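Q: Its first residue numbered 1, the sequence shown is counted upward by one per residue in the numbering used here.
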Amino acid sequence: MAKSNEKQGIDASTEEKIKEAARVVFTRKGFVSTTVRDIAAEADINLALVNYYFRSKQKLFDLIMIETIEKLFSEIMVIVMDESTSLNKKIELIVDHYIGQLLNNPDFPLFIVNEILSGSNKFPAFIKNAAAIKGSYFFKQLNELNMDKELEINPIHILMNIIGLIIFPFLGRRVLEKAAGVEEDDFRDLMEERKKLIPIWIGKIIEN
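1) According to DSSP, is Pro106 part of a helix, a strand, or is it coil?
2) Measuring only the C-alpha atoms, how far is Val95 from Leu63?
3) Give a yes or no on contact between the region 80–92 and the region 65–72, applying the rule of three or more CB pairs nearer than 8 Å.
4) Mind checking Thr34: buried by the 16 CB within 10 Å criterion, or exposed?
5) Assuming Val36 contacts Val24 under a Cβ cut-off of 8 Å, what Cβ separation, rounded to an integer in Å, is found between them?
6) Take Arg194 and list the residues in its own chain whose beta-carbon comes closer than 8 Å to its own, dropping the five residues that flank it on each side.
7) I believe Arg188 touches Leu103 by the beta-carbon criterion, under 8 Å. Please report the beta-carbon distance rounded to the nearest angstrom.
8) Mind checking Leu142: buried by the 16 CB within 10 Å criterion, or exposed?
9) By Cβ distance, which residues of its chain are closer than 8 Å to Ile200, with the 5 residues on each side in sequence left out?
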């Protein structure tokens, strides 16, 4: 029994080591340019072990993205359900958190778009959690602005603008690299700037 438990511990440790290495390499090189050999080298383990635990690069990538979705939404729900913070503060926290997560997982938006367009059902938790935002205190605050005539547009527009302003630069990152010469460090600096700019832009929409 002790040997069995020890083996399970080693297996779990090896899996986590591979996943962590994969996150690093996927972030650095992107899904297309990453090879299983790259991941094995980053994890400092045998190539055959990566194939043994995860079978393929695609399965490993899918698993990491699904874990990212679950982590992202669990943390975002804490923000949007908080009744003690103002609407503007929630927007600041959401933007800061999303951009921080996407800088660590730059292929995440493209993964989500591809999965939605393909009709995949790999992550029902994503759909469930996305729907839960509409019942959040954050959305209630947006609706109250609408009912008080302080906001004369459907609150969904605010949500779409926040999501679009955060995600679109990541979807267009490769175009920016080729068309505008935006290198990786430049892109990161721009996204750090957007953490401050997006709440200002959204605030102007709400004010008007």
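We put the CB at the ideal spot given by N, CA and C, even for glycine. Just so we're clear, the structure is a prediction, and the values are computed from it rather than from any experiment.
A: Quick look at the numbers:
1) Mapped onto the sequence shown, residue 106 falls at position 106. Looking at Pro106 - three-state DSSP - the assignment turns out to be coil, as it is neither helix nor strand.
2) The residue you call residue 95 lines up with position 95 of the sequence shown. The residue you call residue 63 lines up with position 63 of the sequence shown. Computed Cα separation, rounded: 25 Å.
3) Not touching, per the Cβ criterion.
4) The residue labelled residue 34 in the question sits at position 34 within the sequence shown. It counts as buried.
5) Position 36 of the sequence shown holds residue 36. Position 24 of the sequence shown holds residue 24. Contact between Val36 and Val24 does not hold, since the beta-carbon distance rounds to 14 Å and is not under 8 Å.
6) Taking the sequence shown and counting its residues from 1, one reaches residue 194 at position 194. Same-chain partners within the cutoff: Val95, Ile99, Leu165, Ile166 and Pro169.
7) Translated into positions along the sequence shown, residue 188 becomes position 188. Translated into positions along the sequence shown, residue 103 becomes position 103. Between Arg188 and Leu103 the beta-carbon gap is near 6 Å, inside 8 Å, which marks them as a contact.
8) Residue mapping note: residue 142 aligns to position 142 of the sequence shown, counting from 1. Result: buried.
9) For the purposes of this step, residue 200 is taken as the residue at position 200 of the sequence shown. Setting aside the 5 residues that flank it on each side, Ile200 has no residue in the same chain whose C-beta is closer than 8 Å to its C-beta.
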